[in-house]
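Reading through the structure tokens given below for one structure.
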Amino acid sequence: QSRGQEAVLTALAAQYSEEQGVEITVDSPGPADYLPKLQANAQSGKMPDVYSSFNATDMASFYRAGWAKDLTEELDAGWSADFSPAIIEMSTFEEGNNLDVAPGIYTVHWETQTYGFLVNPALAGFTATDAPATTGAFIDALVNAGGGNFAVAASLTPQLVQAAASNWLTDDQIAATFNGEDPWEQDAWAGAFQFLVDLKDAGVIANGALLGGQGDNPEVETAFFTQSTAAIFDASPGVSVGFKTNPEFEDYFSIGILAADGGTQPPRSPGVPGKGAVINPKSAAADNALAFVKWLTAPEQQTAFATDARILPANPEILASDAVPAQLTGFAAGVETIQLMSATFTTDVKTAIVAESERLVLGESTVDEALANIQAAQDRTS
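In the working numbering, the protein residues as written are 344 to 725.
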């Protein structure tokens with residue numbers, strides 16, 4: 344779990360243990376340690392009864408290996424009422440998906456995750472009411488505020504360019520690129536990567552480079568919440584992290600995906616289910632695990648996560664309620680038009696996007712060269 348959600352999850356687990364007499368132990372390694380630890384558990388055959396979901400690309404190997412219960416039948420029996428249809432759709436692996444996972448639903452989520460920008464008005468020079476709506480105006484505002492004041496982690500550049508590309512591509516067209524049916528070397532993706540180049544050329548990227556390596560996004564978030572950076576590209580869970588990192592800093596806001604000058608489609612956030620759970624069907628405690636996860640995703644517990652951990656809930660009624668903190672307003676606005684994808688990046692393509700984005704910002708490559716290298720990565724996996 345993220346730093347922002349760990350305390351709430353631990354408290355809820357203790358509450359459930361007391362009410363039901365079922366002992367629950369919460370082990371919460373940091374984001375950089377989680378996947379290596381889970382992989383080690385899988386290799387030793389000692390997987391936990393319940394484990395946290397991560398992005399589909401990273402989790403696919405566990406699903407293919409049979410470490411995840413297909414929850415479709417349980418959801419069809421009424422459990423789905425606790426989640427928005429979009430969350431269910433985003434959690435579904437369709438027949439023939441590009442990650443080779445058997446059709447099914449292997450995760451349930453108490454969080455909806457969107458992407459956008461966190462802004463400190465004192466450093467950025469604009470407020471939530473007069474925030475720029477286009478990429479050009481956003482860059483101009485940061486230049487006027489002094490430059491060198493924007494950051495995005497290298498690991499989040501795939502989501503940044505996916506969001507930017509939505510200014511020209513429909514969800515189906517983006518998915519077609521992910522599936523290798525449409526090329527990366529097209530104007531829409533060139534326009535998406537050009538946003539990074541424009542940020543670089545304007546001199547607004549902090550230190551003139553993308554922060555990369557393990558733990559890059561937590562470092563970007565820390566810079567923002569310690570008020571060293573005016574604006575960052577982030578996912579909605581960043582608000583939860585900020586509350587844990589510096590609870591006294593609340594004078595900031597979020598805005599959604601920016602419109603591109605010359606775009607032909609409304610900009611839309613990539614949509615991914617946020618924090619949630621996977622149930623190990625091989626566990627002797629699988630039935631108890633299922634009961635706990637059903638309780639954990641019920642409306643009362645989702646409300647606790649929203650108010651106490653500052654996340655976007657997966658339940659649409661709670662999402663529309665006062666339980667959602669003000670700092671999440673921009674992220675919440677993106678839920679209505681969230682991208683609904685039938686595919687995602689392959690591992691090789693995701694790695695290539697990160698590397699090429701870093702090179703672009705350093706001035707070591709052109710957009711055309713970056714797209715050619717990403718296309719080569721796609722061709723190796725399609």
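Just so you know, even glycine gets a beta-carbon here, dropped at the ideal spot from N, CA and C.
- Item | Continuous beta strand (DSSP E) stretch holding Phe576: start and end | Counting along the chain, the beta strand (DSSP E) containing Phe576 begins and ends at 574 to 578.
- Item | Supposed close pair Ala385, Ala411 - CB separation, criterion 8 Å | The Cβ separation is near 11 Å, so there is no contact.
- Message: What would DSSP say about Gln348, mapped onto helix, strand or coil?
- Response: If DSSP states are grouped into helix, strand and coil, Gln348 belongs with the helices.
- Item | Residue from Glu417, Gly599, Leu655, Gly677 with nearest C-alpha to Val584 | With distances taken between Cα atoms, Val584 lies closest to Leu655.
- Message: Under DSSP, the beta strand (DSSP E) around Phe460 begins and ends at which residues?
- Response: Unbroken beta strand (DSSP E) run through Phe460: 458 to 462.
- Please classify Leu554: does DSSP put it in a helix, a strand, or coil? For Leu554, the secondary structure class from DSSP, reduced to helix, strand or coil, is strand.
- From Gly479 to Asp604, what distance separates their C-alpha atoms? One Cα belongs to Gly479, the other to Asp604, and the distance between them is close to 7 Å.
- Would you grab the beta carbon distance between Ala375 and Gln557 for me? Rounded to a whole angstrom, and I think it's under 8 Å. Contact between Ala375 and Gln557 holds: their C-beta atoms lie close to 5 Å from each other, under 8 Å.
- Item | Best match in Phe469, Asp413, Tyr458 for proximity to Tyr449 [C-alpha to C-alpha] | For Tyr449, the closest of Phe469, Asp413, Tyr458 by C-alpha to C-alpha distance is Asp413.
- Query: Just checking my contact of His452 with Ile482 at CB under 8 Å: how many whole Å lie between their CB atoms?
  - Reply: Their Cβ separation, rounded to whole angstroms, is 34 Å, which puts His452 and Ile482 out of contact at 8 Å.
- Use the C-beta contact count for Leu703: other C-beta atoms within 10 angstroms, 16 or more gives buried, fewer gives exposed. Leu703 sits buried, since 16 or more C-beta atoms from the chains shown fall within 10 Å of its C-beta.
- Query: Residues in its own chain within less than 8 Å of Ala715 by CB, not counting five upstream and five downstream?
  - Reply: By the criterion of a C-beta distance shorter than 8 Å, Ala715 is surrounded in its chain by Glu528, once the five residues flanking it on both sides are discounted.
- Would Thr513 be called buried (16 or more neighbouring beta carbons within 10 Å of its own) or exposed? By the 10 Å Cβ count, Thr513 comes out exposed.
- Query: Cα separation between Phe567 and Lys625?
  - Reply: Cα-Cα distance, rounded: 42 Å.
- Assigned secondary structure, Glu699 (DSSP; H/G/I helix, E/B strand, else coil): Reduced to three states, the DSSP call for Glu699 is helix.
- Task: Would you list the one or two residues that DSSP bridges to Ala494?
- Result: Per DSSP, Ile575.
- Task: Could you please give me the residues that DSSP links to Thr435 through a beta bridge?
- Result: According to DSSP, which records beta bridges pairwise, Thr435 is partnered with Ile448.
- Provide the residue span of the alpha helix (DSSP H) that contains Tyr406, from first to last. Segment 399 to 407, the alpha helix (DSSP H) holding Tyr406.
- Cβ-based neighbour list, Ala467, same chain, cut-off 8 Å, excluding 5 preceding and 5 following: Here Ala467 has Ala484, Leu485, Ala488, Asn492, Ala573, Ala574 as same chain residues with Cβ atoms under 8 Å from its own Cβ, once five neighbours each way along the sequence are excluded.
- Query: With DSSP run on the structure shown, which of helix, strand or coil describes Glu454?
  - Reply: Note: Glu454 maps to strand in three-state DSSP.
- Message: If contact is defined by three or more beta carbon pairs under 8 Å, each pair taking one atom from either stretch, is the segment 622 to 636 in contact with the segment 592 to 612?
- Response: Verdict: no, contact absent.
- Task: Select from Ala552, Glu701, Gln682 the residue whose C-alpha is nearest the C-alpha of Gln516.
- Result: Measuring from the Cα of Gln516, the nearest candidate turns out to be Gln682.
- So, helix, strand or coil for Ser597, using DSSP? In the structure shown, Ser597 sits in a strand (DSSP, three-state: E or B).
- Message: Going by DSSP in three states, Ser423 sits in which element: helix, strand or coil?
- Response: Looking at Ser423 - three-state DSSP - the assignment turns out to be helix.
- If we ignore side chains and look at the alpha-carbon of each, how far apart do Tyr377 and Gly614 end up? When rounded, the distance between both Cα atoms is 22 Å.
- Task: Have a look at Pro616 and Ser395 and give me their C-alpha separation to the nearest angstrom.
- Result: Computed Cα separation, rounded: 12 Å.
- Query: Quick one, which of Thr400, Val393, Glu432, Thr470 has its alpha-carbon nearest Lys693's?
  - Reply: Ranking Thr400, Val393, Glu432, Thr470 by Cα distance to Lys693 puts Thr400 first.
- Message: Report the CB separation of Phe536 from Val710 in whole angstroms; it is logged as a contact under 8 Å.
- Response: Between Val710 and Phe536 the Cβ distance is about 5 Å, and since that is below 8 Å, they are a contact.
- Query: What's the C-alpha gap between Glu712 and Ser597?
  - Reply: Taking the straight line joining both Cα atoms gives about 33 Å.
- Closest residue to Glu701 among Ala552, Pro668, Glu349 (Cα-Cα distance): The option with the nearest alpha carbon to Glu701 is Ala552.
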